[in-house]
Structures are given as C-alpha cells and as structure tokens.
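Student:
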C-alpha cells in the first residue's frame, strides 16, 4: 500500500515537472516577429535611374579679349552688370597707337609726294622720248620709278590703316548682349597680346537658358537618349527638385585611369534665374519605368538564411536546389544577354511562421526597391529582409558564433 502511494506521488511529481517544462518551453518560444526582420510586398510604380554629377554652365559664354597689348586705362563694367551689344567695356592706353598713326600718316604724305614727283618726271621723259631727245632706257627708268613710288604709297596707306585699326582696338566693346559673369583685369593692369588672345571679361549671353555638362559611365550611356527627362538637385536648394532634358550625348569618350565616360549635355530652363553658373548638379535620368508592379525591398533579395533554415525553406532539397540554383544563375546570365529587364532571384516569405523560398523574376530597381514577378506572391505578403538579435546572439552575418561554412 505504501509502495503504491509512493508510486502515485512520483507519477504526480513527474507529471507536474513535465507540465512545468512544457509551459516553460511554450512561454519562452520565440515568435517569428522576434526572429526575423520583416517587410511587406507592395504594389506600385517604380523608376530606374542613372546618376552622375555635373556643372551648370551658360549655354553661350563669350570670352572677350584684346588683339593688342597695353595698359587698362578705363573700366566701365563690373561683375553681374548687364551689357548690350557694342557697349564699351574698357579702354586701353592709346598713346602708342596714336603715335603710330602720326608716323604712318607722315609716311603716306611723303610717299604721295614721291608719287607726284615720279609722275611729273615720267610725263616729261615720255615727251622728250617722243621727240627723240632721250633714249628708251631713260623712259623705262622713269616708268619704273613711278611704279615703285606708287607701291610705296600703297604700303604706307596699309600701315596707316593698320595703325588706325589698332587704335580702334584700344576700345573693347561687347560682342553680344548679356551679363558679365567674370572680369579678370583692373585699371592699371597691363595686358599682353602675344600668341594667344588674353581673356579680359566673360559674358553669359542668356542665363535664362542654361545647360548641365556631366559625364556618365560607359555602362550607363547606352540607356541615355536625346529628349529624356532629367531631374537634378543643387546644394543651394537641397529641398527643391529641378528638371531638364537631355540635349546631346556626345560621341567622343574620355578615358581617365582606364575608366571610360561620355559627356552628356542637359538643357535647363532657368527663367526665374534661380540657378547660377558653376553650381554642382546631382543628375538623375529615368531610363526605365514599371507601373503597378510588385515591389520588394532590395534587402529581401540579398537575405540568405542559415543552412538548416534554408534546407527547411526549400523542402529538404538543399543540394538539389543548390544545383538548380546554379543552373538558374547560369541561365539567368544567358537571359541577361538577351534581356536587361529580367533576371532570376529568390526571396523568403514568412508562411505559417516559417520562411518559405519563393523564386522570382527580378525587374528594374530604384536602389531601394525592386520590381519582381512571381505567380504565388501578392501585395501584403511578409518577406524576410534580415534577422533580429536574440538571446545574446548577433544577427545572421553580424558576428554569429557558429563556425563558418567551408567552401
């Protein structure tokens, strides 16, 4: 009897212990939300863009120089001044040019006198020759002297015209109407016009129309076409979006450290004169668009579970899936040669509290989300984008104490 009582007590104690253990395990079992970082499959529109930095410049920037050397005596314009065509911008010292005109004018008068004398002498010799008082040689000499005098007169007149032109060059006029954006000289400064014309003033012809000069990598240039919409930002107005249009994709490439780029010119309407020359523009060109597509975060396509979870998610066919995955990746590479729009990928969807492998076709991306297509996916499905830290263990890929896999 006592033995029976002891047996009953032992059974009750074991049952209580088993119940307590079951309750403990049940109460401490982690929910999927405590293990995985989740996000939703959404449906919407997405744009794929290519990006680059560029510089805002006037469409037409005129550099005003000088063809003669001299000292700047007068300066009539400054930065940001509006100027009209043929308006005087500055004057150079004209003393040397004026002296040259005096000298060349005297040379013209002297040569004119020589021509007059040679003309009279030729006329007299010709009359004497007709009366046979002088020889034919004397007549030829008189004719030659007259021709030489006339040639010297033409040369002197040419020098006078040159000196008058140089005097006119001491007055620098604006070739166009526009705005002075740069001035590199001051009063009293000496400018030297030797083999290269020095730049004195730069004039932007029309700041209401500007352009962005930018460069894109050769991997992106095939997607850029004339007329495409461009969105860009500048540091001066970080919260404002500006728009432009691709004006030209230049054929000439630039190779810098084995990196090939192509210049792209973007036309910009600057009617309100908000944008200024020289600003850095952060350019984005939309090269592809998908509407009403299923979208997942890019992290969902990068997520890879632990080995045992991956085997469970793929139904215990890890090795086969791996081989198939290799085949799909190889096939995906071949498909990318045929189409740049779709490639194979996989995500893990949380179903019945467990990660489930879903293979998808990957479309365009905007850098944050990616368009996908799969027959068994709908908007609102929970996708795994990572793992949370639990029980003091780091997230997957973040310092786990598990031994690393060997490849």
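In the numbering used here, the protein residues as written are -2 to 404.
The beta-carbon is built from N, C-alpha and C at its ideal position, and this holds for glycine as well.
On a predicted model such as this, the values are computed, not experimentally measured, just so you know.
Compute the distance between the beta-carbons of residue 283 and residue 231, then report whether it is under 8 angstroms.
Tutor: Translated into positions along the chain shown, residue 283 becomes position 286. Translated into positions along the chain shown, residue 231 becomes position 234. Cβ distance not < 8 angstroms, so residue 283 and residue 231 don't count as in contact.
Student: Taking only three categories from DSSP, how would you classify residue 16?
Tutor: Taking the chain shown and counting its residues from 1, one reaches residue 16 at position 19. If DSSP states are grouped into helix, strand and coil, residue 16 belongs with the helices.
Student: Is residue 322 helix, strand or coil when you go by DSSP?
Tutor: As a first step, residue 322 must be located in the chain shown, where it is residue number 325. For residue 322, the pLDDT reaches just 43, beneath the cut-off of 50, and the residue's location in the model is therefore unreliable, leaving the point undetermined.
Student: Put residue 383 into one of helix, strand or coil per three-state DSSP.
Tutor: On the chain shown, residue 383 is found 386 positions in, with the first residue counted as 1. Correct three-state label for residue 383: strand.
Student: Assuming residue 242 and residue 224 are in contact, meaning their beta carbons sit under 8 angstroms apart, how far apart are those beta carbons, in whole angstroms?
Tutor: Position 245 of the chain shown holds residue 242. Position 227 of the chain shown holds residue 224. At roughly 6 angstroms, the Cβ-Cβ gap stays under 8 angstroms, so residue 242 and residue 224 are in contact.
Student: Take residue 320 and list the residues in its own chain whose beta-carbon comes closer than 8 angstroms to its own, dropping the five residues that flank it on each side.
Tutor: The residue given as residue 320 occupies position 323 in the chain shown. Only weak support is given to the placement of residue 320: the predicted model assigns it a pLDDT of 42, under 50, and the value that follows is read from those uncertain coordinates. Excluding residues up to 5 positions away in sequence, nothing lies with its Cβ nearer than 8 angstroms to the Cβ of residue 320 in the same chain.
Student: Specify the secondary structure class of residue 9 as computed by DSSP and reduced to three states.
Tutor: Start at 1 with the first residue of the chain shown, and residue 9 comes out as number 12. Of the three classes helix, strand and coil, the one that applies to residue 9 here is helix, per DSSP.
Student: Measure the beta-carbon distance from residue 365 to residue 302 and round it to whole angstroms, keeping in mind my assumption that it falls under 8 angstroms.
Tutor: For this step, residue 365 is matched to residue 368 along the chain shown. For this step, residue 302 is matched to residue 305 along the chain shown. Contact doesn't hold; Cβ gap of about 22 angstroms is too wide.
Student: For the ligand FMN, I want to know if residue 232 counts as a neighbour, meaning its beta carbon is within less than 7 angstroms of at least one of the ligand's heavy atoms.
Tutor: No copy of the ligand FMN occurs in the structure displayed, which carries no ligand at all.
Student: For residue 252, does the count of other Cβ atoms within 10 angstroms reach 16, so buried, or fall short, so exposed?
Tutor: In the chain shown, the residue the question calls residue 252 occupies position 255. Looking at its Cβ environment, which holds fewer than 16 other Cβ atoms inside 10 Å, residue 252 is exposed.
Student: Go ahead and pull the three-state DSSP assignment for residue 348.
Tutor: Position 351 of the chain shown, counting from 1, holds the residue named residue 348. Residue state, collapsed to three classes: strand.
Student: Taking residue 264 as part of the alpha helix (DSSP H), name the residues at either end of that continuous run.
Tutor: Locating residue 264 in the chain shown gives position 267, where the first residue counts as 1. Where residue 264 is concerned, there is no enclosing alpha helix (DSSP H), although the beta strand (DSSP E) it sits in stretches over 256 to 266.
Student: By the DSSP assignment, the alpha helix (DSSP H) with residue 144 in it spans what residues?
Tutor: Within the chain shown, numbered from 1, the residue matching residue 144 stands at position 147. DSSP places residue 144 in the uninterrupted alpha helix (DSSP H) bounded by 133 to 166.
Student: Check whether the segment 170 to 188 touches the segment 56 to 66, counting contact only when three or more Cβ pairs, one atom from each stretch, lie closer than 8 angstroms.
Tutor: yes
Student: Excluding five sequence neighbours on each side, which residues of the same chain lie with their C-beta closer than 7 angstroms to the C-beta of residue 115?
Tutor: Position 118 of the chain shown, counted from the first residue, corresponds to residue 115. Result list for residue 115: 142, 143, 146, in chain order.
Student: So, do the segment 266 to 273 and the segment 352 to 360 have three or more beta carbon pairs nearer to each other than 8 angstroms?
Tutor: Look at the beta carbons and you see the segment 266 to 273 not touching the segment 352 to 360: under three pairs across the two are nearer than 8 angstroms.
Student: Could you tell me the alpha carbon to alpha carbon distance between residue 35 and residue 260, rounded to whole angstroms?
Tutor: Along the chain shown, one-based indexing puts residue 35 at 38. Along the chain shown, one-based indexing puts residue 260 at 263. Roughly 42 angstroms between the two C-alpha positions.
Student: Below 8 angstroms, how does it come out for the segment 147 to 164 and the segment 96 to 114: are there three or more Cβ pairs, yes or no?
Tutor: yes
Student: Whether or not the segment 97 to 107 and the segment 156 to 165 are in contact is what I'm after, with contact meaning three or more pairs of Cβ atoms, one per stretch, closer than 8 angstroms; do they touch?
Tutor: yes
Student: Using 8 angstroms as the threshold, is the C-beta distance between residue 267 and residue 204 below it?
Tutor: Position 270 of the chain shown, counting from 1, holds the residue named residue 267. Position 207 of the chain shown, counting from 1, holds the residue named residue 204. Contact: yes.
Student: Within 8 angstroms, do at least three Cβ pairs link the segment 88 to 97 to the segment 116 to 123?
Tutor: Segments in contact, no.
Student: From 181, 346, 361, 176, pick the residue whose C-alpha is nearest to that of residue 220; which is it?
Tutor: Working through the chain shown from its first residue, we reach residue 220 at position 223. Of the candidates 181, 346, 361, 176, the one whose C-alpha sits nearest the C-alpha of residue 220 is 361.
Student: May I have the straight-line CA-CA distance separating residue 206 from residue 249, to the nearest angstrom?
Tutor: The residue you call residue 206 lines up with position 209 of the chain shown. The residue you call residue 249 lines up with position 252 of the chain shown. Straight-line Cα distance between these residues: approximately 24 angstroms.
Student: When the Cα atoms are used, what is the spatial distance from residue 182 to residue 54?
Tutor: Locating residue 182 in the chain shown gives position 185, where the first residue counts as 1. Locating residue 54 in the chain shown gives position 57, where the first residue counts as 1. Each residue's Cα considered, the two are about 22 angstroms apart.
Student: From the DSSP output, which residues share a beta bridge with residue 281?
Tutor: Here the question's residue 281 lines up with position 284 in the chain shown. For residue 281, the beta-bridge partners assigned by DSSP are 48, 228.
Student: Work out the CA separation of residue 296 and residue 200 for me, nearest whole Å.
Tutor: Looking up residue 200 in the chain shown gives position 203. Looking up residue 296 in the chain shown gives position 299. Those two C-alpha atoms are separated by around 51 angstroms.
Student: CB-CB under 7 angstroms to residue 136, same chain, minus the five flanking residues each way: which ones, in chain order?
Tutor: Taking the chain shown and counting its residues from 1, the one referred to as residue 136 is at position 139. Correct list, in chain order: 122, 123, 126.
Student: With a CB to CB cut of under 6 angstroms and the five nearest residues on each side skipped, what residues in its chain are close to residue 195?
Tutor: Here residue 195 refers to the residue found at position 198 of the chain shown. A distance below 6 angstroms between beta-carbons, with the five flanking residues on each side excluded, links residue 195 to the following residues of its chain, in chain order: 62, 188.
Student: Quick one, which of 291, 287, 349 has its alpha-carbon nearest residue 46's?
Tutor: One-based indexing of the chain shown puts residue 46 at position 49. Among 291, 287, 349, the Cα nearest to that of residue 46 is on 287.
Student: Mapping DSSP to helix, strand and coil, what is residue 3?
Tutor: Residue numbering aside, residue 3 sits at position 6 when the chain shown is read from its first letter. In the structure shown, residue 3 sits in a helix (DSSP, three-state: H, G or I).
Student: Suppose you measure from the CA of residue 70 to the CA of residue 77; what does that come to, to the nearest Å?
Tutor: To locate residue 70, count along the chain shown from 1; it is residue 73. To locate residue 77, count along the chain shown from 1; it is residue 80. Residue 70 and residue 77: Cα-Cα distance of roughly 21 angstroms.
Student: Buried or exposed for residue 227, please, with buried defined as at least 16 other CB atoms from any protein chain shown within 10 angstroms of its CB.
Tutor: For this step, residue 227 is matched to residue 230 along the chain shown. Per the 10 Å Cβ criterion, buried.
Student: Can you name, in chain order, every residue of its own chain whose Cβ lies under 7 angstroms from the Cβ of residue 229, other than the five neighbours on each side?
Tutor: Counted from its first residue, the chain shown places residue 229 at position 232. If we look at residue 229 and ignore the five residues flanking it on each side, its Cβ neighbours are 209, 239, 241, 278, 279, 280, 281.
Student: In this structure, how does DSSP classify residue 271 when only helix, strand and coil are distinguished?
Tutor: Taking the chain shown and counting its residues from 1, the one referred to as residue 271 is at position 274. Coil, per DSSP.
Student: Which value, in whole angstroms, describes the spacing of the CA atoms of residue 13 and residue 350?
Tutor: The sequence position of residue 13 within the chain shown is 16, counting from 1. The sequence position of residue 350 within the chain shown is 353, counting from 1. Between residue 13 and residue 350, the C-alpha separation is close to 29 angstroms.
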